[in-house]
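Converting from the sequence shown to the working numbering requires adding 18 to each position, the first position being numbered 1.
Have a look at the structure below, then the notes.
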Amino acid sequence: MQKLTVTLTLCTALLLAAGCGGSGLEDADGDGYLPPADCNDNDSSIHPGAIEIPYNEVDEDCDGIAAKDADFDGHDGAEAGGDDCDDGDASIHPGAAEIPYDGIDQDCDGGADDNDADGDGHDSVLVGGDDCCDSGTEMSLGCSSANASSIHPGATDTGGDGVDQNCDGQDMQSGPIDGDSDGDGFASDARPEGIDCDDTDPTVNPAADEICDGKDNDCDGETDEGALDFDGDGVPVCLDCDDFDRSRYPGATEISGNDIDE
């Protein structure tokens, strides 16, 4: 009996000293994690799954890496010696797609913006440059995103294709350049469809609004379309001397002696 008591006493002492079969480890900082998973058991803010604080050289989540990429875009912030010029925005980093004319350097190339969207060496007229078709949104003759890189000052103008390749304000045709005589920004009707159908009148061009005046203002081949004709005589109200009398309109047969201007 005495031997059994001694044995139990010895086991109790061992349990207290070494856990008697346990790990013998303690959670010193009380964060619920034991070493070695907890890489700093003296700081409760450091353990697996903890939130990383960028640039403080501390590995809060015990993954072996001190966070330097705050926006998780794969590029360390410039503050930590990386190449990300804005580590608070995941859309901004080297290699990101540049959005023209927004004033933001998405690709961290040092430029405040990419004003040459088509890469032809000429900045857009929208930002003070000389490229009349850079992103395809400019209003130059024949400009689109598909052909923007071939349109810029100094480019060879292809005659009669409806495109102003060299940004001189007109489309070169085969032969002498046909200028913009009326100064409305469109060259004359010796050009393809969609060019100025009356180069003597600045109110007539493909970009003009159609008004009731007897002219094809927008060069679509129709005159005064949409204008009101109250008496249905085929002559719009703006040209009819009495648009409520079908017998009176320009070209009607005059009846002598009735004192009416038919």
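Glycine included, every Cβ here is placed at the ideal spot set by N, Cα and C.
- For Ala225, the closest C-alpha among the options Asp214, Thr218, Lys233, Gly232 is that of Asp214.
- Under DSSP, Ser142 forms a beta bridge with Asp149.
- The segment 102-117 makes no contact with the segment 139-155: fewer than 3 CB pairs, one atom from each, lie closer than 8 Å.
- Cα atoms of Gly92 and Asn74: separation of roughly 18 Å, rounded to the nearest angstrom.
- Excluding the 5 residues flanking it on each side, Asp101 has same chain C-beta neighbours closer than 8 Å at His93, Asp94, His111, Pro112, Cys126, in chain order.
- Residues of the same chain with a CB within less than 8 Å of the CB of Ala164, apart from the 5 flanking positions on each side, are Gly154 in chain order.
- With a threshold of 16 other beta carbon atoms within 10 Å, Glu272 falls short and is exposed.
- By alpha-carbon distance to Phe90, the top candidate from Gly82, Glu78, Asp134, Asp104 is Asp104.
- Taking 8 Å as the cut-off, the Cβ atoms of Asp79 and Ala68 count as close.
- Classified as exposed, Pro268 has fewer than 16 neighbouring CB atoms from the shown chains inside 10 Å of its CB.
- Nearest neighbour of Gly82 by Cα position, chosen from Gly232, Ser63, Asp56, Arg266, turns out to be Asp56.
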